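Residues in the sequence shown are numbered from 2 upward in steps of one, following the working numbering. Taking it in order: structure first as structure tokens, then the write-up.
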Amino acid sequence: MLNTVLPKLEQLVESLIEKNQTLSQELNQAKSEKAELEQKIATLIDENETIQLEMLEQEEKHNDSINQINQLLSRLEQATA
2 MLNTVLPKLE
12 QLVESLIEKN
22 QTLSQELNQA
32 KSEKAELEQK
42 IATLIDENET
52 IQLEMLEQEE
62 KHNDSINQIN
72 QLLSRLEQAT
82 A
């Protein structure tokens with residue numbers, strides 16, 4: 002009985018070692034992909050913040066332009082009244 006159990010046990014141990022190696026490789030790959038994705042997220046967050054600041058600046062310029070146009074219209078109305 003020991004002669005049949007021992008080879009099966011050796012085969013199971015070898016199988017577990019192989020599965021462990023495969024899982025370790027997959028884990029390392031997943032960690033690498035996670036690090037890449039975290040870097041992409043950080044880059045996208047920075048880009049988003051930059052775009053939001055640019056949008057605020059454009060909105061401010063737009064409001065300034067509207068104010069200048071309104072002032073010109075008021076002057077024009079006063080001059081024609």
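Every residue gets a Cβ at the ideal spot worked out from N, C-alpha and C, and that includes glycine. Note that the structure is predicted; figures quoted are calculated from it, not measured.
For A36, the first and last residue of its enclosing alpha helix (DSSP H):
Segment L3 to T81, the alpha helix (DSSP H) holding A36.
Distance check for E34 and Q59, CA to CA, integer angstroms please.
Cα to Cα, Q59 sits roughly 37 angstroms from E34.
From K9 to K41, what distance separates their C-alpha atoms?
Distance between the alpha carbons of K9 and K41 is about 47 angstroms.
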